[in-house]
Amino acid sequence: KQEVTQIPAALSVPEGENLVLNCSFTDSAIYNLQWFRQDPGKGLTSLLLIQSSQREQTSGRLNASLDKSSGRSTLYIAASQPGDSATYLCAADTSGTYKYIFGTGTRLKVLA
Amino acid sequence: GAVVSQHPSWVICKSGTSVKIECRSLDFQATTMFWYRQFPKQSLMLMATSNEGSKATYEQGVEKDKFLINHASLTLSTLTVTSAHPEDSSFYICSAYSGRVADTQYFGPGTRLTVL
């Protein structure tokens, strides 16, 4: 059974720092992995989706990598801003139909 | 881009009553819709997969008689929480998938259910 975990559970950094969020999954047979942002009490905003054949995806200050063999994905946020404060979730698709197993989340706080 | 809506955005009900939550794909036909539940300070847990015109498939530990899912059309799926109790209070999020629009899926904004 696929399990997805995220480390750290919470992170507080000063504005401007570069940071890395980690996501681990136990079953490497995934079709894609997606990173989401969730603001308090809100729904999900998709940030980056990496297909199983890809190694990384970039969007603006965000870069996500995928290493299936080691069961890891990382989300790199460059030059963090207070507006980046949110919970970041990674999710693995193990069926090919976007049926996701979500990670435990990392609560990020960027201090001004 | 494609949009998925949920109604209501929040609901408060008394224990023992039933609550219906709607999930609509506004500008595309969703062959599959997923229902997730998120308890406070926890991650999303998949409850069930709903395909248009067929019975929903429930994840282990989710009571199908308590959480009734109907996917009557390609743009609408409903989740009814029957005889709701305080422990059913949660954030319910749906997502809709259509391989025809693009090979991706879209999440709804969520519905917060509070059972008194």
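Heads up: the sequence lines are chains A and B, in that order.
Take our numbering: the final residue in the first sequence is number 1362, and no numbers are missing along the way.
Take our numbering: the final residue in the second sequence is number 700, and no numbers are missing along the way.
Think of the CB as a built atom: it goes at the ideal place given N, C-alpha and C, for glycine as much as any other residue.
In this text the structure is predicted, and so the values were computed from the model without any measurement.
Residue i at chain A interface by Cβ criterion, 8 Å
i, result
"B/Ser627", "yes"
"B/Leu700", "no"
"B/Pro693", "yes"
"B/Ile653", "no"
"B/Phe618", "yes"
"B/Ile677", "yes"
"B/Leu663", "no"
"B/Thr633", "yes"
"B/Gln613", "no"
"B/Gly642", "According to the sequence displayed, residue 642 of chain B carries Tyr and not Gly. Taking Cβ atoms only, chain A never reaches closer than 8 Å to B/Tyr642, which makes this a no."
"B/Leu630", "yes"
Residue closest to residue i, alpha-carbon to alpha-carbon, out of the options
i, options, result
"A/Ala1259", "A/Gly1266, A/Leu1299, A/Lys1251, A/Ser1274", "A/Ser1274"
"B/Ala640", "B/Thr616, B/Gly600, B/His669, B/Met629", "B/Thr616"
"A/Gln1301", "A/Gly1355, A/Thr1347, A/Lys1251", "A/Thr1347"
"A/Leu1339", "A/Gly1321, A/Gly1353, A/Lys1349, A/Leu1298", "A/Gly1353"
"A/Leu1299", "A/Lys1251, A/Asn1268, A/Ser1323", "A/Ser1323"
"B/Asn635", "B/His669, B/Lys598, B/Trp619, B/Ser673", "B/Trp619"
"A/Leu1325", "A/Gly1310, A/Pro1264, A/Ser1319", "A/Gly1310"
"A/Lys1251", "A/Pro1264, A/Asp1277, A/Ser1320, A/Glu1265", "A/Asp1277"
"B/Pro624", "A/Gln1331, A/Thr1344, A/Thr1337", "A/Thr1337"
"B/Ser599", "B/Thr666, B/Ala680, B/Ser682, B/Tyr681", "B/Thr666"
"B/Ser638", "B/Ser657, B/Gln626, B/Ser627", "B/Ser657"
Chain-order list of residues whose beta-carbon lies under 6 Å from that of residue i (same chain, five-residue window excluded)
i, result
"B/Ile596", "Thr698"
"B/Phe675", "Gln622, Gly694, Arg696"
"B/Thr633", "Phe618, Thr641"
"A/Glu1267", "Ser1330"
"A/Val1270", "Thr1324, Tyr1326"
"B/Asp672", "Val665, Val699"
Beta-carbon contacts of residue i that lie in its chain and below 8 Å, excluding the five residues immediately before and after
i, result
"B/Val587", "Ser609, Leu610, Asp611, Tyr690"
"B/Ser593", "Pro693, Gly694, Thr695, Arg696"
"A/Arg1305", "Ser1315, Leu1316, Asp1317"
"A/Ser1335", "Leu1358, Lys1359, Val1360"
"A/Leu1294", "Phe1286, Arg1287, Gln1288, Leu1339"
"A/Ile1280", "Gln1252, Ser1302, Lys1318, Ala1342, Asp1343, Thr1344"
8 Å Cβ cutoff, residue i in contact with chain B
i, result
"A/Tyr1338", "no"
"A/Leu1294", "yes"
"A/Tyr1281", "no"
"A/Thr1324", "no"
"A/Gly1321", "no"
"A/Lys1349", "yes"
"A/Thr1354", "yes"
Residues near residue i by beta carbon distance below 7 Å, same chain, minus five either side
i, result
"B/Gln581", "What is shown of chain B runs 585 to 700, which leaves residue 581 of chain B out entirely."
"B/Thr659", "Arg608, Ser609, Gln613, Ala614"
"B/Leu652", "Thr664, Thr666"
"A/Thr1255", "Ser1274, Gly1353, Thr1354"
**Request:** Answer yes if the segment 1275-1293 of chain A comes into contact with the segment 599-606 of chain B, meaning at least three C-beta pairs across the two stretches below 8 Å, and no otherwise.
**Result:** no
**Message:** Quick check: the segment 1352-1359 of chain A against the segment 644-658 of chain B, are at least 3 beta-carbon pairs closer than 8 Å?
**Reply:** no
**Request:** Could you name each continuous beta strand (DSSP E) segment of 3 residues or more that falls completely within the segment 644-691 of chain B, going from the start of the chain to the end?
**Result:** When DSSP assignments are scanned along the segment 644-691 of chain B, the uninterrupted stretches of beta strand (DSSP E) that are 3 or more residues long and fall wholly within it turn out to be 651-657, 660-665, 674-682, 688-691.
**Request:** Please specify which runs of the beta strand (DSSP E), each continuous and at least 3 residues long, are wholly inside the segment 1285-1318 of chain A, giving them in chain order.
**Result:** 1294-1301, 1306-1309, 1312-1317
**Message:** I'd like the ranges of any beta strand (DSSP E) spanning at least 3 consecutive residues and lying wholly in the segment 1253-1284 of chain A.
**Reply:** 1254-1257, 1260-1264, 1269-1275
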